[in-house]
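Enquirer:
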Amino acid sequence: MNSDLAEIQTAALAAIESAPDGQSLEQAKIDFLGKKGRLTAASGLMKTLPKEEKPAFGQSLNLVRGAITAALEEKGAALQEVADREAIAGIDVTLPGREIHSGGLHPLTRIKDDAIQILRRMGFALAEGPEIEDEFHCFDALNTPADHPARNEKDTFYFDSGKLLRTHTSSVQVRTMENQSPPVRIIAPGSAYRRDEIDATHLSVFNQLEGLYVAENVSLADLKGTLVYFFQELFGPDTELQFRPHFFPFTEPSFEIDIKLHIAGRAPKWIEVAGCGIVDPAVFSAISKSRGDEAFSPDKVTGFAFGMGLDRLAMIKWGIKDIRLLIENDTRFLKQFA
Ligand code: DAH
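Numbering (our numbering) for the sequence shown: 7 to 344.
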């Protein structure tokens with residue numbers, strides 16, 4: 007082999023062998039195989055050789071290039087292995103990975119979503135109203151007189167301004183009728199507030215879902231059909247309901263709805279799940295006065311309304327014994343619903 011080429015090969019292999027890192031290795035590649043590298047320069051000699059020596063020289067060039075390329079690859083792999091080993095030094099690859107926990111929906115969110123879904127299928131649209139209300143929307147327009155116990159400061163949170171935290175979502179009925187024209191078919195899920203002593207079945211803030219359907223000729227049969235269907239969808243097709251006469255200021259006649267609860271090993275018992283009734287004409291009169299028109303005149307429209315506590319529905323559905331569990335954010339409890 008041409009002695010220049012032999013010398014280049016020896017020098018290249020030495021440089022490659024002694025390269026301490028990837029950067030030096032890259033430099034060695036440039037020095038020998040690059041455009042201005044030594045082997046490239048040596049290949050220029052080809053032109054000066056007599057014709058008969060050219061093939062041998064060419065062959066030597068190829069051999070040297072092959073040897074240098076192979077050495078570069080081998081050294082590159084060796085350096086990479088060292089780098090990899092250093093990168094994971096101190097990491098215990100036998101340690102089990104961190105568990106990834108997936109979240110779940112809160113039981114209140116689930117019951118609310120279920121209720122909304124069932125009622126939307128029946129054509130009820132979502133409506134909302136403010137949690138800070140005035141006495142007109144919370145009480146007066148709902149035919150609840152000034153001396154009604156619900157209006158007492160002992161039962162209701164009042165602000166100095168005279169405003170209050172709504173005691174029920176029924177106020178959304180009023181706001182909707184003030185702003186829409188019949189037919190109206192809405193549901194309003196949301197928070198309600200009462201000055202109750204906190205215990206296993208009471209919180210001072212809880213969740214309700216209000217419903218209202220107003221049109222021409224809405225009857226008690228419509229109310230019953232809607233709510234029987236609703237509760238059988240929510241709790242199962244065998245759910246038994248009873249409509250027990252009751253009093254609410256804003257409906258006449260009014261009922262409480264009970265469902266029959268079967269608990270293993272005990273006699274079945276009726277448990278109250280909602281209030282409902284046929285909208286009292288006095289409510290339509292108040293709306294007509296507030297709107298200044300006859301769109302909701304009690305001579306023209308009728309309607310039904312209902313209201314239920316979502317916390318209680320969740321407690322019944324999943325056998326939750328204490329309402330406080332719903333707000334404590336204890337993951338041991340919440341995990342059961344994920
Ligand atoms: N507002 C009632 C409550 O908080 C629930 C209720 C009863 C709503 C009868 C209604 C209804 O719309 O018709 O206890």
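Glycine included, C-beta positions come from ideal geometry on N, C-alpha and C.
This one's a predicted model, so the numbers in the text were calculated from it and none came from an experiment.
Can you give me the C-alpha to C-alpha distance between leucine 19 and aspartate 37, rounded to a whole angstrom?
Expert: Taking the sequence shown and counting its residues from 1, one reaches residue 19 at position 13. Taking the sequence shown and counting its residues from 1, one reaches residue 37 at position 31. So the two alpha carbons sit approximately 12 Å from each other.
Enquirer: With the cut-off set at 8 Å, would you say isoleucine 263 and phenylalanine 254 are in Cβ contact?
Expert: Translated into the one-based positions of the sequence shown, residue 263 becomes position 257. Translated into the one-based positions of the sequence shown, residue 254 becomes position 248. Going by C-beta atoms, isoleucine 263 is not nearer than 8 Å to phenylalanine 254.
Enquirer: Lysine 275 lies in the beta strand (DSSP E); which residues open and close that run?
Expert: Counting from one through the sequence shown, the residue named residue 275 turns up at place 269. Start and end: 275-285.
Enquirer: DSSP three-state label for arginine 200, please.
Expert: The residue you call residue 200 lines up with position 194 of the sequence shown. Coil, per DSSP.
Enquirer: Name the DSSP beta bridge partners of arginine 250, please?
Expert: To locate residue 250, count along the sequence shown from 1; it is residue 244. Arginine 250 is bridged to Glu262.
Enquirer: From arginine 181 to glycine 135, what does the alpha carbon distance come to, in whole angstroms?
Expert: Taking the first residue of the sequence shown as 1, we reach residue 181 at position 175. Taking the first residue of the sequence shown as 1, we reach residue 135 at position 129. Roughly 7 Å separates the two Cα atoms.
Enquirer: Mind checking whether the beta-carbon of glutamine 214 lies closer than 7 Å to any heavy atom of the ligand DAH?
Expert: As a working note, residue 214 is residue 208 in the sequence shown. In this structure, glutamine 214 has its beta carbon less than 7 Å from a heavy atom of the ligand DAH.
Enquirer: Could you tell me the distance, in whole angstroms, from the CA atom of alanine 311 to the CA atom of alanine 288?
Expert: Residue numbering aside, residue 311 sits at position 305 when the sequence shown is read from its first letter. Residue numbering aside, residue 288 sits at position 282 when the sequence shown is read from its first letter. Alanine 311 and alanine 288: Cα-Cα distance of roughly 14 Å.
Enquirer: Just reading off the beta strand (DSSP E) that tyrosine 164 is part of, what are its end residues?
Expert: Position 158 of the sequence shown, counted from the start, is the residue given in the question as residue 164. Careful: tyrosine 164 lies outside any beta strand (DSSP E) and carries neither H nor E.
Enquirer: Using only the heavy atoms of the ligand DAH, determine whether one of them is closer than 7 Å to the beta carbon of alanine 311.
Expert: If you number the sequence shown from 1, residue 311 lands on position 305. Yes, the ligand DAH has a heavy atom inside 7 Å of this Cβ.
Enquirer: What I want to know is whether the C-beta of histidine 208 ends up closer than 7 Å to one or more non-hydrogen atoms of the ligand NAD.
Expert: Looking for the ligand NAD in the displayed structure turns up nothing; the ligands present are the ligand DAH.
Enquirer: Could I get the ranges of all uninterrupted alpha helix (DSSP H) runs contained in the stretch 51-98, with 4 residues as the minimum, in chain order?
Expert: Here the runs fully enclosed are 60-94.
Enquirer: Taking the Cβ atom as the reference point for each residue, do leucine 247 and phenylalanine 237 lie within a distance shorter than 8 Å?
Expert: Start at 1 with the first residue of the sequence shown, and residue 247 comes out as number 241. Start at 1 with the first residue of the sequence shown, and residue 237 comes out as number 231. In contact: leucine 247 and phenylalanine 237 (Cβ atoms closer than 8 Å).
Enquirer: Under DSSP, the alpha helix (DSSP H) around glycine 28 begins and ends at which residues?
Expert: Along the sequence shown, one-based indexing puts residue 28 at 22. Per DSSP, glycine 28 belongs to the alpha helix (DSSP H) from 28-39.
Enquirer: Tell me whether phenylalanine 256, by its Cβ, gets closer than 7 Å to a heavy atom of the ligand DAH.
Expert: Here residue 256 corresponds to residue number 250 of the sequence shown, with the count starting at 1. Phenylalanine 256: yes, Cβ under 7 Å from the ligand DAH.
Enquirer: Hey, quick one: how far does the beta strand (DSSP E) through leucine 215 stretch, first residue to last?
Expert: Walking along the sequence shown from the start, residue 215 turns up at place 209. Element bounds for leucine 215: 211-221.
Enquirer: Which residues in the same chain as isoleucine 177 place their Cβ atom closer than 6 Å to its Cβ, once the five residues preceding and following it in sequence are excluded?
Expert: Here the question's residue 177 lines up with position 171 in the sequence shown. Note that residue 177 is serine in the sequence shown, not isoleucine. The residues are Gly135, Glu139, His143, Cys144.
Enquirer: Given the structure, does histidine 353 come close to the ligand DAH, in the sense that its CB is under 7 Å from one of the ligand's heavy atoms?
Expert: With the chain covering only 7 through 344, there is no way to say anything about residue 353.
Enquirer: With C-beta atoms as the reference, is tyrosine 219 less than 8 Å away from aspartate 228?
Expert: As a first step, residue 219 is located in the sequence shown; it is residue number 213 there, counting from the start. As a first step, residue 228 is located in the sequence shown; it is residue number 222 there, counting from the start. Yes, the Cβ-Cβ distance between tyrosine 219 and aspartate 228 is below 8 Å.
Enquirer: Please state whether DSSP places isoleucine 138 in a helix, a strand or coil.
Expert: Locating residue 138 in the sequence shown gives position 132, counting from the first residue. Looking at isoleucine 138 - three-state DSSP - the assignment turns out to be strand.
Enquirer: Which residue from Ala47, Arg338, Arg318 puts its Cα closest to that of leucine 114?
Expert: As a first step, residue 114 is located in the sequence shown; it is residue number 108 there, counting from the start. Checking every option, the nearest Cα to that of leucine 114 belongs to Arg318.
Enquirer: Rounded to a whole number of angstroms, what is the C-alpha to C-alpha distance between tyrosine 235 and serine 296?
Expert: Taking the first residue of the sequence shown as position 1, residue 235 is located at position 229. Taking the first residue of the sequence shown as position 1, residue 296 is located at position 290. Between the C-alpha atoms of tyrosine 235 and serine 296 there is a straight-line separation of about 34 Å.
Enquirer: Return the CA-CA distance between phenylalanine 328 and methionine 321, expressed in angstroms with no decimal places.
Expert: If you number the sequence shown from 1, residue 328 lands on position 322. If you number the sequence shown from 1, residue 321 lands on position 315. Per the sequence shown, the amino acid found at residue 328 is aspartate instead of phenylalanine. About 8 Å.
Enquirer: If you count every other CB in all the chains shown that lies within 10 Å of the CB of serine 260, and 16 or more means buried, which is it?
Expert: Taking the sequence shown and counting its residues from 1, the one referred to as residue 260 is at position 254. Buried, because 16 or more other Cβ atoms sit within 10 Å of the Cβ of serine 260.
Enquirer: At a cut of 8 Å, does the stretch 208-222 reach the stretch 299-313 through at least three beta carbon pairs?
Expert: yes
Enquirer: Apart from the five residues on each side of it in sequence, which residues of its chain come closer than 7 Å, Cβ to Cβ, to leucine 148?
Expert: Against the sequence shown, residue 148 aligns to sequence position 142. Here the set comprises Ser176, Val180, Pro255, Phe256, Val289.
Enquirer: Is glycine 283 near the ligand DAH - that is, is its Cβ less than 7 Å away from at least one heavy atom of it?
Expert: For this step, residue 283 is matched to residue 277 along the sequence shown. Glycine 283: yes, Cβ under 7 Å from the ligand DAH.
Enquirer: Would you kindly report the start and end of the unbroken beta strand (DSSP E) that includes threonine 46?
Expert: To locate residue 46, count along the sequence shown from 1; it is residue 40. For threonine 46, no beta strand (DSSP E) encloses it; the enclosing alpha helix (DSSP H) starts and ends at 44-49.
Enquirer: Identify the residues that DSSP records as bridge partners of glycine 313: which are they?
Expert: In the sequence shown, the residue the question calls residue 313 occupies position 307. Partner(s): Glu216, Gly281.
Enquirer: Excluding five sequence neighbours on each side, which residues of the same chain lie with their C-beta closer than 8 Å to the C-beta of leucine 85?
Expert: Taking the sequence shown and counting its residues from 1, one reaches residue 85 at position 79. Taken in chain order, the residues that qualify are Ala25, Asp27, Gly28, Leu31.
Enquirer: Does the ligand DAH have even one heavy atom less than 7 Å from the beta-carbon of serine 1?
Expert: Absent from the structure is residue 1, since the part of the chain shown begins at 7 and ends at 344.
Enquirer: Nearest by alpha-carbon distance to aspartate 161: which of Glu203, Arg191, Gly129 is it?
Expert: Numbered from 1 along the sequence shown, position 155 holds the residue referred to as residue 161. When only C-alpha atoms are compared, the closest one is Glu203.
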